Amino acid sequence: MHMEGIKKYISTYSVLLLIAVSFVGGFYAGRGNQDVVVVNDRGEPVESGIVTINRSEVKSYLGEDVDFDLFISVWDMLRTRYVDQPVSQTKLFYGALEGMVASLDDPYSVFFTPKVSEEFTDSLSGKFEGIGAEIGLKHELITVVSPLDGSPAHEAGLHAKDIILKIDDASTEGMGLDEAVSRIRGEKGTQVLLTVARNGEDVPLEISITRDTIRVKSVTWEMLDNGYAHIKMRNFNTDTTELFRDFERDVLSQNPKGIIFDLRNNSGGFLQTAVDVASAWVNNDVVVIERSTSAEDAGLLPVISTPGTANASSGEPKTFNELFERVYKSNGKPVFNGIPTVLLVNGGSASASEIVAGALQDYGHAYIIGEQTFGKGSVQVLEDLPGGSSVKFTVARWYTPKDRTIDKDGITPDEIIELTSEDYSEDRDPQLDRAIEYLDSRQ
């Protein structure tokens with residue numbers, strides 16, 4: 005994958021983030037033809053390392069239909085006349101940047117304030133603060149699916165299938181899953197009290213859990229009784245390639261009759277990680293094709309010019325209709341090539357998951373079972389900015405080796421099998437059952 009400096013290419017699909025306000029530094033824009041300068045919270049100009057921007061230079065850079073004076077005028081009105089004073093100049097500044105990126109009408113392009121930027125980066129490394137337990141809604145009850153091994157929840161004695169009746173003093177009756185997760189998560193070192201009902205216990209149990217930093221393994225696997233390796237991948241994070249390659253050796257040592265590769269609810273992650281994972285099946289061939297209007301973001305590989313536009317290699321100015329293409333090929337040994345494989349997907353399988361599913365389906369390396377995938381076929385770049393903020397925006401879209409579009413369309417399984425809410429509540433998994441049945445037919 006093309007990666008330069010602090011640039012990080014990611015392929016996560018839309019996650020709604022609450023944009024926090026961070027109060028550091030400030031911004032001041034004067035009237036008339038004054039320069040735009042950065043100031044501190046006391047209103048004093050900060051001169052060291054600051055580049056002033058002359059308004060005439062800004063206006064010459066912008067198109068004729070853009071009046072930068074309008075921005076300055078609104079800025080001054082809010083800064084001096086808004087009813088609740090003082091107005092944080094940093095808040096105005098970050099708000100303007102958030103709005104600018106939001107104007108793209110792209111759910112995957114977002115400006116992150118420093119705090120949210122740090123949280124987003126942590127999420128890509130599989131790290132968060134909480135108790136380390138997966139919960140779900142079964143029979144309209146908040147239920148523990150599984151505490152992670154070694155997590156605070158596991159150490160405190162929380163069990164799978166425990167029904168959470170209260171979170172601290174709040175009853176979970178009628179509570180949504182998102183609210184329950186929000187209440188249970190919290191800062192490292194703080195405590196949460198869960199009141200749970202457990203099968204075999206006559207009275208509810210109170211379990212106090214001290215939150216900690218949780219690191220979630222992105223890949224796990226187990227050997228099923230029928231000789232099939234069941235590999236679950238939660239996301240394509242920074243640790244995924246190394247973990248997956250370690251598991252490759254372990255899986256092969258068990259001489260599996262088949263592989264069930266579970267990408268359900270895998271929302272994506274790093275593009276290069278998707279290429280690395282697909283390489284376990286794809287032998288020295290294309291995994292994904294990326295197309296962009298930016299030579300830099302396409303890895304400086306020219307080339308698809310639409311009729312009537314300048315060629316990228318000619319040195320003439322590039323038009324917005326011109327596309328640059330980069331082809332990502334597999335790397336390493338295709339250790340699973342030839343082993344019967346079923347790939348499980350659903351509507352929560354997005355982005356990097358769809359890259360892998362599309363490639364394996366195109367080459368016939370896996371039989372896809374499940375539901376239509378999410379349809380997030382675009383690449384974002386995460387650029388770190390001064391002061392700890394960052395901006396994530398779309399730079400390219402990708403296509404399968406056979407040039408099928410992923411964006412909006414998604415990947416259609418070879419066999420559509422639904423998993424209903426009733427199945428989930430009753431601990432049934434018809435998709436996994438069908439995968440086993442299919443592999444049995446191949447023996």
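Position one of the sequence shown corresponds to residue 5 (our numbering), numbered consecutively onward. Ideal Cβ positions, reconstructed from N, Cα and C, are used throughout, including at glycine. Predicted model only: the values in this text are computed from it and were never measured.
DSSP places Trp-225 in the strand class (E or B) of the three-state scheme.
The Cβ atoms of Ala-137 and Leu-162 lie closer than 7 Å to each other. Taken in chain order, the complete alpha helix (DSSP H) segments of 4 or more residues contained in the segment 249-283 are 275-282. By DSSP's assignment, Ser-175 forms a beta bridge with Lys-170. DSSP, read as helix, strand or coil, puts Arg-215 in coil. For Phe-116, the three-state secondary structure derived from DSSP is strand.
The continuous beta strand (DSSP E) containing Thr-345 extends over residues 345-349. In the DSSP assignment, Val-185 falls within the unbroken alpha helix (DSSP H) covering 181-188. Around the CB of Tyr-367, 16 or more other CB atoms lie within 10 Å, so the residue is classed as buried.
Nearest to Lys-236 by alpha-carbon distance, out of Gly-262, Leu-267, Pro-208, is Leu-267. Here Leu-141 is bridged, per DSSP, to Ile-146. For Ile-146 against Thr-176, the beta-carbon gap comes to about 5 Å, under 8 Å, which counts as contact. Proximity of the segment 376-383 to the segment 247-260 falls short of the contact definition, fewer than three beta-carbon pairs being nearer than 8 Å.
About 5 Å separates the Cβ atoms of Leu-386 and Lys-396, confirming a contact at the 8 Å cut-off.
Counting along the chain, no beta strand (DSSP E) covers Trp-285, and no H or E run does either. With a cutoff of 7 Å on beta-carbon distance, Gly-381 and Asn-269 are scored as not near each other. Note on Thr-424: under 16 other CB atoms within 10 angstroms of its CB, so exposed under the neighbour-count rule. Per the DSSP secondary-structure output, Asp-388 pairs in a beta bridge with Ser-394. Counted as a single uninterrupted DSSP element, the beta strand (DSSP E) harbouring Glu-329 occupies residues 327-333.
With contacts defined by Cβ atoms closer than 7 Å, Arg-438 and Ile-421 form a contacting pair.
In chain order, Leu-267, Leu-347, Val-349, Ser-353, Ala-370, Ile-372, Thr-377, Ile-415 place their CB closer than 8 Å to the CB of Ala-361, counting only its own chain and leaving out the 5 sequence neighbours on each side. Three or more Cβ pairs drawn from the segment 328-335 and the segment 286-293 lie within less than 8 Å of each other, which places the two stretches in contact.
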